[in-house]
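Everything in the sequence shown is counted per my numbering, starting at 679 for the first residue and increasing by one. Glycine is no exception: its CB is placed at the ideal position from the N, C-alpha and C atoms. These notes concern the structure reproduced below.
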Amino acid sequence: MTTTLHPVAVQLGEGIDPALVHYAQVAFGRVPEAQAPTHLRVITDHDPTNPRPIRARMMLPGDRSVSISAATPREAVDELVEQLLATTSAA
C-alpha cells in the first residue's frame, strides 16, 4: 500500500504535541485523496475526570464534518481515519 501526504490543514489546541501534524498527514495518506479531510482541529477540554478529553473535528470535501472524542490525540486521528476507510470500503 502506498501512502501520500495530503495537504490537510491541522490546528492544534494548547498542550497538543506538534508532532501530531505529521502523524495526521501520514495517517490520512491512507485515505483516497477525494475523501481526505481538508482541515483537522484537535483540542483538549482539560477536564481530569473525562476519560476521553480529546476532541477532534475534521472538515471533509463538500462542507461535511465529523467530530469525535478520544483518550489521546493519536487515537483521535486513528479513529477518524478508520471512519473514512470504512466509508470508502462501504461505497
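Status (buried if at least 16 other CB within 10 Å, exposed otherwise) for residue i
i: A764; result: exposed
i: A749; result: exposed
i: P751; result: buried
i: P715; result: buried
i: A833; result: Only positions 679 to 769 of the chain appear in the structure, and residue 833 is not among them; the question remains open.
i: A768; result: exposed
i: A754; result: buried
i: M679; result: Note that M679 scores 47 on pLDDT, short of 50, meaning its location in the model is unreliable and no value can be drawn from it.
i: A734; result: buried
Cβ-heavy atom distance, residue i to the ligand HEM, below 7 Å
i: N728; result: As presented, the structure is devoid of all ligands, the ligand HEM included, so that no description of it is given.
Which of helix, strand or coil DSSP assigns to residue i
i: V704; result: helix
i: V686; result: coil
i: E760; result: helix
i: M679; result: Reliability of the predicted coordinates at M679 is poor, the pLDDT of 47 falling under 50, and the value obtained from them is presented with this limitation in mind. It is coil, neither helix nor strand.
i: A697; result: coil
i: A768; result: helix
> Counting pairs of Cβ atoms below 8 Å between the region 720-735 and the region 704-712, do you hit three or more?
Replying inline: no
>> Extract the residue ranges of the beta strand (DSSP E) inside the region 708-756, only unbroken runs of 3 or more that lie entirely within it.
In response: 717-722, 732-738 and 742-748
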